[in-house]
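Written out below as structure tokens is the structure these notes cover.
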Amino acid sequence: MPIRLGILLFVTGVSLLQWQAELPGTYEALVLPLLLTACVFCWRNQKTILQTVSRILFLLLLFGAGYFWAAAMAHWRLADTLPKAWEGQDIQVVGVISSLPQYSSNSVRFQFEVEQVRTPDAHVPQRVSLAWYLERKQNEIRHSLPVLHAGERWQITVRLKRPHSHANPHGFDYEAWALERNIRAVGYVRSASDNSLLAARVNKPAYWVEAWRQQIQQRFDAVLDGQRYAGILMTLATGDQRAIPTDQWQVFTRTGTNHLMAISGLHITLVASMVYFLVSRLWRQSARLLSYLPAHRAAVAAGLIAACIYAVLSGFAIPAQRAFFMLAVMAAVIWYGRMAAPAMVLAWALLLVVVIDPWAVLSAGFWLSFGAIGIIMLVTAGRIGSTHWFVSWVRVQWAITLGLVPLLLALFQQVSIVSPVANAVAIPLVSLCVVPLTLLSLLPPFEFMLPLAHGILSIVMVFLQGLNELSQPVWQQHVPPMWTIAVAVLGIIWLLLPGSLGLHFFTGFPGRWLGVVALLPLFLVLPPRPSEGALWLTVLDVGQGLAVVAQTQHHTLLFDSGPAYAVSDSGDRTVIPFLRAQGIGILDRMIISHADSDHSGGALSVLNTLDVKMLYSSMDTNHPVSQAASDSALCVRGEFWNWDGVAFEILYPDHDIYTDPARKTNESSCVLKITTATGSILIPADIGRAAEQKLIDANDGKLPSTVLIAPHHGSLTSSSVAFVNQVNPAVTIFTVGYRNRFGHPRDDILERYRAQGSMQLRSDRHGAILIRFEQKGFFVGSWRQLRPRYWQQKF
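Below, the structure is given as structure tokens:
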């Protein structure tokens, strides 16, 4: 028990470090060797008279060792950074393509390991992420992208910036993701005459693996010739999840089967088991081989090697790491003829994962992977008696489905209701048929099995799509408070103790019903809402764009939906996750100020996902967004409504503007004023100076506001002196993208608001801006200030 407890404390120390706003100093990190030395000393002296004291001190030192190990790793990785002075500068580098190139319609993306920097005095991190776009020459686009292969050495000119993430409540943290993968700069390849291929192949094991993965994908693509589910088979073979289209991933997520569509622990264990039994049987046929090595040892070694190859081929993600390390520990136990408790095997695997990758604790895969294995051990290990294999399998599946509910609600705010049925069909077909056939197809003589694997997979997909089309395949809700998650986990453990499965929830251990009661707060404790007359406003960080959520006591409004991206949009990535986490499934009104993509790009995703009662916009009725709404109207000055003591009024444009067929979208932007008893906010979208003057002339006395979202992101064409003086905001918010190509906000505009005395906030530096108009006054905060982390950029 002390070893397992010590490992848990080490992992807890690692996790605690990842919550810190600042790292311990470099000299403080030097305490790590001293802690490890003290741990060894305490462990060696546990048999002395001070046994209890030594054990306690040993456990405390392991906690500190985990904390400072993660700190030392973070210091080492953050030291390799792109200097701010070299952001946006042309730099010539030589290096190797170190990942699978990912092609889209107008670019190819890849990771690049820098070997040499040829620009004098420039410093470039060792590992960067690059995009190579189609070239544009004299308004014509070259219709071909460079053909890139993993393991090639190139000389290229690049333009880089430091990794930067949109910072939102319940949003994806790209900066943390990039740090874990040691991507210390991102950018693109510049057009240059001396961009050239220097070597077709660089001899290094890591590059061989990536080149092998790319060759497998190309061969699969050629054999399947554009078949619909070819990307899934590529993923099962190489672990590259980007090969699966977004719509197919949505089916897997909503049916709870996404764990099967990647190289998971189940698949690695299956491969190792198949090789183990095959080698064991063949080895026993040879007396000569048996004289050198017992069959069980040879089979264990072969199975572990096969698992290692498959895990490395998959990219060695956390589920693959966990499975491989558990197999490695079990292999060592079998090799030396020892006995080991399953919990001990899991604990050692847990330790190895966080030692190699301290940032693994930040990923959902870490918690789901180890959580699932822990649940399996809870319902299988140490049970008395035997049951039929089918009953045991159903018991495990039911336990996993129930046991992961708190984690799934905390991480994704949704749980698949159809997951037990979907997995009952998908697990046997995918794991026992599709995966073995796909792996055999890796060998050229067995390529003929690939269409068969695709045929079986097609049957699975038809079944899963049928479940996905049910009226309510997924339970979605708000993010539960942390204390409810802890209580629910304890309740599930109580439910899953011996005698708690099948139809016997209320037998075995006494008070079984308390486990069910412990789950109720997950669903019944709702997020707080504004009081009567209060307004909670969140200006989401969507980069170069705009998305604002306004909440009153019983109503919610969304103003604009952020930009669209190459394969997704802000509605899907940012707006919907935020609203879902807040427990908002209905929008009483949505306003799309104008048709420009940076304001309307996420609108269709929102309309297709949430119940939007009314849409206001300045877009034509034949626009796709207008047509997708169940009820829509044009923004017209004078439109007014009151929600829970908070006044909403559209101040612009006039109805006459819609009669002009040549009107500009920016000058037609909807302008909204929200007024409470303690303050107000003005949202003018992208209007320019001409529209600002019209706004001043038509709304005498209505423009002064406590908070202003700067028009047109702080461009030189907006924020005239007359407009700034008329609004006279105490706080001005600039919604801009990090190092955006427009240079917003402009220095002249910043100085104009600064001279006026307004406090300035920027989404690229502060993240989401959270404003609360309460009875006691108004409060302004930013997400980067409220949840600082040591890996975030400092401005």
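What the sequence shown shows, in the UniProt record's numbering, is residues 1 to 795, in sequence order. Every residue gets a Cβ at the ideal spot worked out from N, C-alpha and C, and that includes glycine.
| Check | Outcome |
| --- | --- |
| 8 Å contact criterion, which I375 and A410 should meet: CB distance rounded | Wrong, their Cβ atoms sit about 16 Å apart, outside the cutoff. |
| Contact belief for L130 with V189 at Cβ below 8 Å, rounded distance in angstroms | 6 Å |
| Inter-residue Cα distance where the pair is residue 796 and S758 | Past the edges of the chain, shown from 1 to 795, lies residue 796, and the structure says nothing about it. |
| Cβ shell of G583 (< 7 Å), same chain only, five flanking positions each side left out | Q477, H478, L526 and P527 |
| Anticipated Cβ contact below 8 Å, L350 with F370, distance rounded | 6 Å |
| Close beta carbons around D686, own chain, < 6 Å, minus the five adjacent residues each side | N666, S669 and H712 |
| Nearest to V96 (by Cα), restricted to the options L197, P24 and D173 | L197 |
| Contact under 9 Å by Cβ, K161 with R739 | yes |
| Between the CA atoms of L17 and V209 - distance to the nearest angstrom | 33 Å |
| CB of A422 within 9 Å of CB of L464, strictly | yes |
| Straight-line Cα distance separating V275 from T269 | 10 Å |
| Chain C contact for T659 (CB, 9 Å cutoff) | Of the chains in the structure shown, none is chain C; there is only one protein chain. |
| At least three beta-carbon pairs within less than 8 Å, the stretch 401-416 to the stretch 428-437 | no |
| Burial state of N642 (16 or more Cβ within 10 Å) | exposed |
| Helix, strand or coil at G781 [DSSP, three-state] | strand |
| Three-state secondary structure (DSSP) of L537 | strand |
| Beta-carbon proximity of G543 to G571, cut-off 9 Å | no |
| Spatial neighbours of K776 in its chain, beta-carbon cut-off 6 Å, leaving aside the 5 residues before and after | none |
| Rounded distance between the beta-carbons of R77 and L179, thought under 8 Å | 6 Å |
| Proximity of A150 and P205 at Cβ, strictly below 9 Å | no |
| M482, buried or exposed, once every other Cβ within 10 Å from all chains shown has been counted against 16 | exposed |
| Stretch pair the stretch 612-632 + the stretch 713-732: three plus CB contacts closer than 8 Å | no |
| T484: first and last residue of the uninterrupted alpha helix (DSSP H) it sits in | M482 to L496 |
| Close Cβ partners of M461 (< 7 Å) along its chain, the five nearest in sequence each way excluded | Y229 |
| Validate contact between the stretch 585-597 and the stretch 697-707 using beta carbons, cut 8 Å, 3 pairs | no |
| S632 vs H594 beta-carbon contact at 9 Å | no |
| L59 - DSSP class collapsed to helix/strand/coil | helix |
| Residue 797 - partner residues in DSSP beta bridges | Outside the shown range of the chain (1 to 795) lies residue 797, about which nothing can therefore be said. |
| Cβ neighbours of P788 in the same chain (closer than 6 Å, five flanking residues each side left out) | A21 |
| Whole-angstrom distance between L615 and Q793, CA atom to CA atom | 37 Å |
| Contact check, E113 vs Q92, beta carbons under 9 Å | no |
| Inter-stretch contact (C-beta, 8 Å, three-pair minimum) for the stretch 286-293 and the stretch 306-325 | no |
| Inter-residue CB distance, V489 and S416 (contact presumed, cutoff 8 Å) | V489 to S416, Cβ: 19 Å. No contact. |
| R109 - DSSP class collapsed to helix/strand/coil | strand |
| According to DSSP, residues forming a beta bridge with D569 | A564 |
| Candidates F734, L557, L8 and W154: closest to V612 by CA position | L557 |
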